[in-house]
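Residue numbers (this note's numbering), protein chains in the order written: chain A, 162 to 401; chain B, 108 to 936.
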């Protein structure tokens with residue numbers, strides 16, 4: 162394993178001075194064992210993201226950007242290092258604690274939409290609301306679906322929707338709980354450019370309207386350029 | 108290209124996958140179910156074969172309902188054969204503690220010619236093998252007589268008019284393998300004492316046997332010579348046909364248990380098909396890649412087929428071992444039926460198990476394998492290229508056809524087999540329809556449900572096909588168990604309760620003409636109502652119309668036996684209330700014209716119609732009369748009834764004995780003791796004891812069937828796991844998405860639980876409805892008692908289904924709940 166120096170370890174732009182920090186990573190490392198050697202996927206990443214920012218995590222294929230995103234969201238457990246979301250130490254919590262924290266603070270948009278095929282568009286959007294135990298889930302979900310322009314598709318199942326529509330449902334689902342923080346993993350990766358642009362518009366609009374911090378993984382330079390900041394990752398090492 | 112090593116290398120990796128485990132488990136359960144029955148039946152048959160001449164007590168037996176003609180004895184002795192004779196009949200015996208019916212066997216000093224008796228000094232005491240039989244003046248008795256009448260060794264008991272001393276307790280008789288069915292305990296005496304008992308009289312039901320033994324050729328010559336000279340009521344049984352009735356009932360039982368065991372095979376086939384399909388799906392990309400690398404279609408097929416065959420071999424071997432173990436349990440439960448030790452089973456059932464395994468593997472894994480053959484090479488580049496799917500019904504035709512053939516083979520004849528195939532198909536079809544309707548209905552409730560429950564129900568609906576297969580397989584398994592429960596506890600009890608309190612519980616038979624007034628007076632003197640006494644004349648059917656009757660004329664075994672033996676004929680002026688005319692008309696008072704009325708069942712068996720003239724041989728005289736009516740008889744009235752009744756004036760001139768049935772209130776058993784003391788030739792049969800015996804037998808048989816149906820439930824569980832396996836990826840994915848969206852472990856478990864609880868409850872509903880439906884048919888059509896709904900049945904069904912499936916489902920989906928979300932999403936997408 163390549164040792165990295167302390168100075169390399171902290172080559173990340175900090176959140177702007179005076180701005181509250183919503184995500185903080187410190188020495189975040191993920192490594193897996195292969196028969197030959199230890200493979201380091203994310204190597205001691207340390208940075209902070211300010212509330213309301215839009216941040217692009219960019220890097221080549223296999224650079225570890227999706228793994229980093231997963232670690233930031235608590236979807237995966239690091240080999241070492243810590244992450245704070247809204248001041249809470251993510252990995253001091255157990256799996257259930259992390260899930261509750263996500264339910265309260267975090268929304269997620271995946272590259273392949275990841276809608277539950279058994280549920281209608283409305284039910285998919287209702288899912289995080291219901292999991293959080295909110296009583297008026299159906300009404301709120303309808304409202305968000307309206308906002309993404311899918312009011313007339315409420316009763317449709319994912320298989321009855323186009324890719325762009327599915328991703329809009331996913332965006333609606335991510336924003337339904339009005340999270341402080343939205344993670345998006347290659348949100349346009351499976352969409353043609355026109356549809357992708359629509360979804361991106363939607364994401365930024367929701368980010369603006371709800372004041373949500375947006376952290377997205379992309380290798381689309383144009384998309385990265387629209388963000389307030391970029392975090393570049395190369396061979397597991399995070400650079401500003 | 109040598110595919111075998113590649114296949115084995117791939118199998119090492121695939122063996123840990125869920126579908127390989129399911130395939131293995133399905134084969135294990137199916138093969139175990141069939142081999143359990145096979146091994147058990149093989150052991151019983153082995154016992155019958157090995158001890159055939161012991162069972163006979165000799166190498167050949169001449170059996171007659173009259174003393175065996177001296178010519179047979181002379182011919183046997185002239186040929187140098189050893190001979191022995193036995194005379195068997197039921198009679199009452201009395202001792203210091205009471206009286207009891209006993210199966211008396213009076214034997215010559217040379218009995219038995221083959222095999223040995225075993226005796227002990229007290230019941231359940233240490234026993235030893237003895238040569239020969241009781242000395243004159245002594246008897247050997249079956250254990251139950253010791254407690255019933257006080258017939259301990261050294262005590263004197265009365266057999267008819269003769270006082271005889273008990274010299275030993277019989278623990279094993281060579282010529283009775285199934286003494287379980289004997290109505291009464293055995294008493295063995297020397298035939299020198301027979302005359303002194305005064306028990307063998309006109310009309311007594313006595314069987315005479317002449318046993319011969321010697322070298323094979325001499326016995327065969329004797330057989331050939333004497334078979335040609337058999338008279339009426341005489342027959343020869345050799346080792347070959349020894350205990351043919353036992354064999355026939357055993358084969359019937361084996362057939363039934365075998366068919367019951369096929370239920371698990373059918374259910375297992377569903378699991379095999381599901382697992383094989385999932386296996387094939389997972390191999391799709393690999394197959395496309397191999398084709399890119401130069402593998403021919405045949406190679407792809409062979410590599411995967413080798414893997415299935417290896418798994419099948421392992422499953423069959425494990426199933427056979429499990430079957431071998433399970434048959435020991437079955438033998439133990441049914442040990443009451445046999446008084447001989449069962450030999451070890453042979454290898455045939457293992458072959459049968461292997462055939463079942465092969466049918467399942469070939470019939471239900473080939474279609475998905477063929478699908479792999481057709482994977483387009485382009486798939487290696489683009490994962491969205493579809494693979495041509497064979498039409499499922501046509502693809503599985505081979506498997507379904509083999510299953511049908513298996514059922515027909517197990518049933519032993521095409522008609523029964525066809526019925527069984529139809530029955531299984533109907534049961535599964537109805538279960539499928541009911542399951543489909545219920546799934547649709549339940550998924551409508553989802554709008555009203557909240558949170559995890561809604562998602563569980565949504566999944567139930569989305570996976571309708573998979574849910575349906577699970578509901579059907581588990582429902583049928585549980586239904587089989589519930590039905591047995593209903594029949595065993597409920598229906599039989601209700602049937603017994605439906606009988607009137609004063610229903611006869613004793614038969615007294617063998618009452619002689621001159622004892623009639625005294626017997627009537629005896630009952631009257633005790634304050635009991637005078638029982639109705641019916642005359643009985645023994646006669647053999649010799650002709651129907653102009654056609655002489657011979658056993659060979661009939662295909663039906665029962666018809667043959669009926670014609671071979673003597674009937675009990677009776678006469679009556681009036682039609683009894685428990686008889687009903689269903690054809691022709693009962694005679695009018697004073698009609699002198701000789702007539703017969705025949706019971707409808709026997710008329711059908713022997714093809715007798717109203718208008719036929721029946722001729723009987725009664726004590727050497729021919730008695731003929733026209734059949735003028737057919738009767739339906741309520742046999743379960745437990746009154747003495749007769750197949751053939753004549754009008755007054757036809758049979759009175761012939762030697763007759765009388766029979767009666769009466770109700771003896773409990774606690775008045777001394778009535779029987781005194782009756783038998785006064786009239787030693789009269790035999791009293793205790794019907795409550797027989798009913799108890801019937802209940803014990805039916806209990807044991809239903810336990811055996813229940814045991815076999817346990818495999819069906821196990822197969823249902825394997826189907827459940829197969830379905831879980833096929834949907835594992837989906838579940839893991841959904842779990843990960845829900846986790847990402849903030850679902851707690853509890854919420855995720857509730858989602859899984861709601862789906863499985865629903866599947867379990869639906870199986871329970873299907874099972875309970877099916878069991879209640881069948882119970883209604885059984886109850887009202889077969890037993891003739893109105894069915895009373897019992898809440899225990901649906902509650903047991905719902906509990907078994909709901910709780911069982913929920914637990915199994917949660918166990919099966921642990922991975923979906925426990926996988927870290929990112930890894931799970933990556934693994935699936």
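Ideal Cβ placement from N, Cα and C applies to all residues, glycine included.
With a cutoff of 8 angstroms on beta-carbon distance, residue 244 (chain B) and residue 271 (chain B) are scored as near each other. The contact set of residue 854 (chain B) on chain A, defined by CB atoms closer than 8 angstroms, consists of 292 in chain order. Among the residues of the stretch 116–139 of chain B, none has a Cβ less than 9 angstroms away from any Cβ of chain A.
Using a Cβ-Cβ cut-off of 8 angstroms, residue 289 (chain A) is close to 848, 849 of chain B, given in chain order. By the rule that beta-carbons nearer than 8 angstroms mark a contact, residue 300 (chain A) does not touch chain B. For residue 246 (chain A), the enclosing beta strand (DSSP E) covers residues 241–246. Here residue 728 (chain B) is bridged, per DSSP, to B:725.
Against residue 551 (chain B), chain A offers no close residue; the least beta-carbon distance is about 14 angstroms (beta-carbon pairs closer than 7 angstroms). Interface annotation, residue 397 (chain A): not in contact with chain B, CB-CB separation never under 8 angstroms. Closer than 8 angstroms at the C-beta level to chain B, one finds no residue of the stretch 242–254 of chain A. For residue 249 (chain B), the CB contacts under 6 angstroms within the same chain, skipping 5 residues up- and downstream, are 277, 292, 293 in chain order.
The continuous stretches of alpha helix (DSSP H) do not include residue 353 (chain A), and DSSP gives it neither H nor E. Not flagged as an interface residue toward chain B: residue 329 (chain A), since no C-beta distance is shorter than 8 angstroms.
Taking one beta carbon from each stretch, the stretch 317–335 of chain A and the stretch 352–364 of chain A have 3 or more pairs nearer than 8 angstroms; the two touch. For residue 431 (chain B), the enclosing alpha helix (DSSP H) starts and ends at 404–440. Of all residues in the stretch 821–834 of chain B, none has a C-beta nearer than 7 angstroms to a C-beta of chain A. The C-beta of residue 552 (chain B) has fewer than 16 other C-beta atoms within 10 Å across all chains shown, which makes the residue exposed.
Taking CB atoms only, residue 542 (chain B) has no neighbour in chain A less than 8 angstroms away. Counted as a single uninterrupted DSSP element, the alpha helix (DSSP H) harbouring residue 577 (chain B) occupies residues 571–592.
Under a 10 Å Cβ-count criterion, residue 191 (chain A) is classified as buried, with 16 or more other Cβ atoms of the shown protein chains found around its own Cβ.
Between residue 256 (chain A) and chain B, the shortest Cβ-Cβ separation is below 8 angstroms.
Those residues of the stretch 353–370 of chain A placed with their C-beta closer than 9 angstroms to a C-beta in chain B do not exist. In the DSSP assignment, residue 238 (chain A) falls outside any alpha helix (DSSP H), carrying neither H nor E.
Listed as beta-bridge partners of residue 675 (chain B) by DSSP are B:645. Annotation: residue 220 (chain A) to residue 347 (chain A) spans about 12 angstroms, alpha carbon to alpha carbon. In the three-state scheme derived from DSSP, where H, G and I count as helix and E and B as strand, residue 621 (chain B) is classed as helix. In the DSSP assignment, residue 765 (chain B) falls within the beta strand (DSSP E) that extends over 764–769. With its beta carbon at least 8 angstroms from every one in chain A, residue 548 (chain B) lies outside the interface. Taking C-alpha positions only, residue 708 (chain B) is separated from residue 739 (chain B) by approximately 8 angstroms. Between residue 718 (chain B) and residue 688 (chain B), the alpha-carbon positions lie close to 15 angstroms from each other. Among the CB atoms of chain A, one or more fall inside 8 angstroms of the CB of residue 569 (chain B). The C-beta of residue 192 (chain A) comes no closer than 8 angstroms to any C-beta of chain B.
Boundaries of the alpha helix (DSSP H) around residue 472 (chain B): 455–480. Under DSSP, residue 190 (chain A) shares a beta bridge with A:241.
In this structure residue 308 (chain B) is exposed. Its beta-carbon is surrounded by fewer than 16 other beta-carbon atoms within 10 angstroms. Look at residue 212 (chain B) here: in three-state DSSP terms it is strand.
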